[in-house]
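*Asks:* Got a structure for you, questions after.
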Amino acid sequence: MTSYKELLAQREALDKKIADARNVEISAAIAKARELIAQYGLNEGDVFSKKASRAGKPTGTVAPKYRDPATGATWTGRGKPPLWIAGQDRAQFAI
177 MTSYKELLAQ REALDKKIAD ARNVEISAAI AKARELIAQY GLNEGDVFSK KASRAGKPTG
237 TVAPKYRDPA TGATWTGRGK PPLWIAGQDR AQFAI
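Quick note on numbering: the sequence shown equals residues 177 to 271 in this note's numbering.
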């Protein structure tokens, strides 16, 4: 059976191997990224723009579901309910 000190030494050696492997792979990834950036003439805005990272997320407004007959104010049913509908049956305000 392996002793505690031997296991700690093995873990230390394994942690060093992991760090070395990570550094090698990071270097390769950075080189590949630089190659692609140069090949396509990209800049920081192309790679890290907020617009590109938001792709696929829905945008726009939500149609209102409820209307206050007294004032004509509307509410989508999302978030904190307005005072005119809070604590009441919402069916009577449905659009």
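Where is the CB? At the ideal position from N, CA and C, for every residue including glycine.
#1: Just how far apart, CA to CA, sit residue 219 and residue 177?
#2: Shortest alpha-carbon distance to residue 268 belongs to which of 243, 257, 222, 192?
#3: Could you spell out where the alpha helix (DSSP H) holding residue 198 opens and where it closes?
#4: Compute the distance between the beta-carbons of residue 250 and residue 271, then report whether it is under 9 Å.
*Replies:* Taking the definition as stated:
#1: 56 Å
#2: The residue with the shortest Cα to Cα distance from residue 268 is 243.
#3: 180–216
#4: yes
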